[in-house]
Amino acid sequence: MQVYYFTRTGRSKAIAEELAVRYSTTAREIADDVDWQGAGGYIKAGYKAFRGEALPIRYKKPDDNEELILVFPVWASTLPPAVRTFLEKEGRARVICIPTSLGSKLKDRDGFAKIIDLVGKKIAAPISI
Ligand SMILES: Cc1cc2nc3c(=O)[nH]c(=O)nc-3n(C[C@H](O)[C@H](O)[C@H](O)COP(=O)(O)O)c2cc1C
């Protein structure tokens, strides 16, 4: 199992790291090198996600033969731009998708191997897959 995450405030990273321990692997970051911090960053993030934008990313290429867990925050009920790019490059069919949010479920749900929604202010890992 390979574990990937994208995060803005660290929640998705913490969950990915718990899962990585369980699978005796290392959680790998998807980085877009954009500063999403502060009120300006929040608004920019929501706007770009809402528009369905994809952004250039850096990440270690996954092994094509292994399953993949992807943990990330829901932005404006949809995918952050970096996550959109990752899924465009790697495909959804073998991705176990774990969106984290304060309450919403991810709207764009088609094509994943499995989706496990983690919603609410208190999200505890590990989760069962
Ligand atoms: C720009 C932006 C938009 C968001 N939109 C939603 C939303 O539509 N629904 C929701 O429940 N939470 C939303 N959130 C909250 C995050 O999904 C939630 O806090 C997430 O667990 C944060 O994960 P992270 O710490 O890995 O970045 C949004 C957060 C940001 C920054």
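Numbering-wise, this note's numbering comes out as the position in the sequence shown, counting from 1, plus 1115.
Virtual Cβ for every residue (Gly too), placed ideally from N, Cα, C.
Other residues of its chain near residue i: CB distance less than 6 Å, five sequence neighbours each side excluded
i     : result
F1227 : R1207, V1210 and C1212
V1234 : S1216 and G1218
A1146 : R1173
Buried/exposed call for residue i, threshold 16 Cβ in 10 Å
i     : result
Y1120 : buried
T1124 : exposed
I1184 : buried
A1131 : buried
A1154 : exposed
A1239 : exposed
Integer-rounded CB distance, given that residue j should sit under 8 Å from residue i
i     : j     : result
Q1117 : D1178 : 6 Å
D1223 : T1193 : 5 Å
I1242 : I1230 : Contact doesn't hold; Cβ gap of about 12 Å is too wide.
Terminal residues of the alpha helix (DSSP H) in which residue i lies
i     : result
V1136 : R1126 to R1137
F1201 : P1196 to E1205
Y1157 : G1153 to F1165
Residue i, enclosing beta strand (DSSP E) - first and last residue
i     : result
E1144 : A1142 to E1144
P1171 : Per DSSP, P1171 belongs to no beta strand (DSSP E) and is neither H nor E.
P1061 : One cannot answer for residue 1061 here, as it falls past the ends of the chain, which runs 1116 to 1244.
V1149 : Premise fails: V1149 is in no beta strand (DSSP E) and is neither H nor E.
Proximal residues to residue i (C-beta, below 7 Å), its chain only, five neighbours per side dropped
i     : result
A1197 : F1121, I1145, D1147, L1170 and I1172
A1135 : V1118, T1141 and A1142
Y1138 : M1116 and V1118
Own chain, CB closer than 8 Å to residue i, minus 5 neighbours either side, in chain order
i     : result
E1203 : A1169
Residue nearest to residue i in terms of C-alpha spacing, selected from the options
i     : options                       : result
A1164 : K1175, W1190 and E1182        : W1190
R1199 : R1166, I1231 and Y1157        : R1166
K1220 : F1187, Y1138, E1205 and A1129 : F1187
K1128 : P1214, E1182, K1159 and S1139 : P1214
I1244 : Y1157, Q1152, E1182 and G1156 : E1182
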